[in-house]
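Peer 1: I'd like to ask you about the structure that follows.
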Amino acid sequence: VSTVAERTTRPGAGAASRVRRLRRSPFGRFARRLPFYLVIALIFFYALFPFYWALRSAFTPDADLFKTPVQYIPAHPTLHQFREVLSSHFFLRALLNSTIVAGGVTLLALVLGSLAAFALGRFRFRGRSATLYLMLSMTTFPQIAILGALYTMINGLRVHLFGLSFQLPHLYNTLWSLVLTYMIFTLPLTVWVLTSFMRGLPRDLEEAAYIDGATPLQVFYRVLLPLIAPGLVTTGLLAFIAAWNEFLYAVSFEETPNNFTVPVAMVNFVGKSGSTFQVPWGQLMAATIVVTVPLIVLTLLLQRRILAGLTAGAVKG
Amino acid sequence: MNTTEVTTVARPRLRRRRSTRLQRRQTRLAWMLLAPSLLVVVAVAFYPLGQTVYQSFTDKQFLAIEPTKWIGIENYKDLIHDSIFRDAVWTTVKFTVVTVLFEFVLGLIIALVVNSNFKGRGVMRAVMLVPWAIPTVIAAQMWNWMYNDVYGVINSALVRLHILDHAVAWTAQPSTALGSVAAVDIWKTTPFVALLLLAGLQVIPGELYEAASVDGASRWQQFWRITMPLLRPAILVALIFRTLDALRVFDVFYVLLGQRQDTQSMAIYDQNTIVTTGDVGYGAAVSVAIFLIIGVFVVVYVTFLKVEEQ
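Top line first, the protein sequences correspond to chains A and B. The opening residue of the first sequence carries number 1 in this note's numbering; numbering runs sequentially from there. The opening residue of the second sequence carries number 318 in this note's numbering; numbering runs sequentially from there.
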């Protein structure tokens, strides 16, 4: 560190320089950083242990799983739990339902959101920033606050609005109820993040297209949409994950196991045997692994993009 | 339009009028593009919010035969004397304080570690994202199994290390229920806080630290005099997001504790009142109360931020 000082003090400074030399040796450097590496090891352990435990439980046969003392590493590793869960109609149905709901929500939010972002990012008009702030405030909207109203609405509420009176469709215990209500948290996020992407684009391309006689809608899907493709991927992914993970509405609006999404199925888990007497922890943990591994891989692959999307949604404004 | 009347004097006016027409067309197009989104927001958020407020003044019962009656502030009067709700509010506040505090401290430590230079930093960053990528309900089930009183790893490890002399039913007994729920939330959400703080750390210029070391400031002084003040905006954003999230907590409580009355969050109580009991009117009053409680926190934070800015 202080090479000049060291050189001047070297003659005659025996012990001090020995300490210094030791400190600069590879061993000394390691010893000094030891607490730091310990902290890192601790964080590793803390972050990964629950996941490891699910993994070990998924590979442990029931006979070993429900036995004490607890085995920390499966003595007889097996794929049995995975085989059971991947052939269980209950779980596969939940996977399909979640895919339909999250996919539908993402598609709808992207279509509506990109149109809105086109308006908010590329036009100047009165009410623009008010609309943006409305969308921003919507991202912190507490969903529990409108649970009861939504519950009565999807159960065919009679609406009286501006002299009109009509019955809402009965959507209780259908996947439609989720696709529509999930717009509350996906649409504002999509609008907000896509608007920031739209704003970042240069004017020239758009103007050139207008001079060539393109209509605004042509400019939108021929010029702007391809340019914000990375933004569409990021927001689409955030919307998909949010919809995939949602629980409050899913558990309140779906009644029969046939319409359960993955989170609801994970709470009311029924094993292959159909018995509800004991929670089939082995199969449940196998299901956990099946659901989370794709999410973890996706998050790791796209971590930079997700971060950019999150910070655009969270920090700006 | 009669162009023959146009004189040189009138021309600017005409141009302005033409530009306003373009402006008007643009505005109309913009609102048309916004219309579907606004319609959806009104239909799934604002109308239901209005409906909730309306329902909170009625005795609406789900699937009731008698027509719904307007009962004024009767629900709110009941709510004030509702000791179960008061317990739920208290439980939620305790949960919020504990989780936000722990998530902040742990998140800051993790962010500082990941921000410093060492081999395997990329791996570390990836590892800390793992809990965050796991859906809350699934994370809660993973912990539920670890908490198991007979076959759970937590009891097994603590007994083997002689920290406990017998297994504990973590989620079943009231004294540990709230703590075990908070632990899951802390594990799951600390990465999010760490990420926000890390983003804040990365924009602090390194020259500041160099200048400080030249001036002889210790690491500790550098942390309190440079890092913390410059990290303030990121810290505030993280705290706001986490507080608002923690106040409406539902998933972890539902998975680990079910709908137990001794330890339940405000959202659990409300969902139970509406969906399980079918007491929509009273549930709406609970919803409004939750909305107001969260609103108070938002107002406090926003004024705090404004004061900060000045």
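Built from N, CA and C at the ideal position, the CB exists for glycine as well. Note that this is a predicted model, so its numbers are computed, not measured.
(1) Residues in its own chain within less than 6 angstroms of L525/B by CB, not counting five upstream and five downstream?
(2) Do the CB positions of D587/B and V603/B come within less than 8 angstroms of each other?
(3) Using a threshold of 8 angstroms, state whether the C-beta atoms of I100/A and M445/B are closer than that.
(4) Beta-carbon within less than 7 angstroms of Y618/B's beta-carbon, same chain only, minus the 5 sequence neighbours each way: which residues are those?
(5) In whole angstroms, what is the alpha-carbon distance linking A145/A and E246/A?
(6) For Y72/A, I'd like the list of residues in its chain whose CB is within less than 6 angstroms of its CB, leaving aside the five on either flank, ordered along the chain.
(7) Any residues in the stretch 201–231 of chain A with a beta carbon nearer than 8 angstroms to a beta carbon of chain B? Which ones, in chain order?
(8) Who are the near neighbours of R124/A in its chain, counting only those whose CB is closer than 8 angstroms to its CB and skipping five residues on each side?
(9) Within 8 angstroms (strictly less), CB to CB, does T140/A reach chain B?
(10) Express the C-alpha separation of P226/A and V615/B in angstroms, rounding to a whole number.
(11) Evaluate the contact criterion for the stretch 455–463 of chain B versus the stretch 283–293 of chain A: three or more CB pairs, one atom per stretch, below 8 angstroms.
(12) Who does R158/A pair with in a DSSP beta bridge?
(13) In this structure, does DSSP put W53/A in helix, strand or coil?
(14) Strictly by DSSP, which residues pair up with A387/B?
(15) Kindly list, in the order they appear in chain B, the residues whose Cβ is closer than 8 angstroms to that of Y151/A.
(16) Counting Cβ pairs, one atom from each stretch, are 3 or more of them under 8 angstroms apart for the stretch 124–141 of chain A and the stretch 202–212 of chain A?
(17) Consult DSSP for K67/A and reduce its assignment to one of helix, strand or coil.
(18) In whole angstroms, what is the alpha-carbon distance linking V597/B and A149/A?
(19) Anything in the stretch 121–133 of chain A with a Cβ closer than 9 angstroms to a Cβ of chain B? List those residues in chain order, please.
(20) Can you tell me whether DSSP reads R126/A as helix, strand or coil?
(21) Can you list, in chain order, the stretches of the beta strand (DSSP E) that have 3 or more residues and sit fully within the stretch 479–540 of chain B?
(22) Are the C-beta of P61/A and some C-beta of chain B separated by less than 8 angstroms?
(23) Going by DSSP in three states, F30/A sits in which element: helix, strand or coil?
(24) Figure out for me which residue from T60/A, N259/A and L187/A has the closest Cα to the Cα of F240/A.
(25) Around the C-beta of A528/B, are 16 or more other C-beta atoms found within 10 angstroms, so that it is buried, or is it exposed?
(26) Apply the 10 Å Cβ neighbour rule to S487/B and answer buried if 16 or more other Cβ atoms are within range, or exposed otherwise.
(27) In chain order, which alpha helix (DSSP H) runs of at least 4 residues are fully inside the stretch 169–240 of chain A?
(28) Which value, in whole angstroms, describes the spacing of the CA atoms of A551/B and L561/B?
(29) Classify W460/B: buried if its beta carbon has 16 or more other beta carbons within 10 angstroms, exposed otherwise.
(30) Do you know how far the Cα of F162/A is from the Cα of A352/B?
(31) Compare the C-beta of I388/B with all C-beta atoms of chain A and state if any pair is closer than 8 angstroms.
(32) Beta carbon of A265/A, beta carbon of S354/B: below 8 angstroms?
(33) For P257/A, name the three-state secondary structure that DSSP assigns.
(34) For R304/A, which of helix, strand or coil comes out of DSSP?
(35) With distances taken between CB atoms, is the gap from Q81/A to G236/A smaller than 8 angstroms?
Peer 2: The relevant details are as follows:
(1) I543
(2) yes
(3) 8 angstroms or more divides the Cβ of I100/A from the Cβ of M445/B.
(4) Excluding positions up to five away in sequence, the list reads I557.
(5) 15 angstroms
(6) none
(7) Under the 8 angstroms Cβ criterion, the stretch 201–231 of chain A contributes P216.
(8) Excluding sequence neighbours, R124/A sits near nothing in its chain.
(9) yes
(10) 38 angstroms
(11) yes
(12) Q167/A
(13) helix
(14) Before going on, a small fix: residue 387/B reads as Trp here, not Ala. Partner(s): T375/B.
(15) F379, I591, V592 and V597
(16) Per the Cβ contact rule, the stretch 124–141 of chain A is not in contact with the stretch 202–212 of chain A (fewer than 3 Cβ pairs under 8 angstroms).
(17) coil
(18) 8 angstroms
(19) R122, F123, R124, F125, R126, G127, R128 and T131
(20) coil
(21) List check, beta strand (DSSP E) in window: nothing returned.
(22) No, no contact with chain B.
(23) In this structure, F30/A counts as helix in the three-state DSSP scheme.
(24) Minimum Cα distance to F240/A is reached at L187/A.
(25) exposed
(26) In the sequence as displayed, the identity of residue 487/B is Trp instead of Ser. W487/B should be labelled buried.
(27) 175–181, 183–199 and 203–211
(28) 16 angstroms
(29) buried
(30) Cα to Cα, the separation comes out at about 19 angstroms.
(31) no
(32) no
(33) Here P257/A carries a helix assignment [DSSP, helix/strand/coil].
(34) DSSP places R304/A in helix when its eight states are reduced to three.
(35) Not a contact, by the Cβ cut-off of 8 angstroms.
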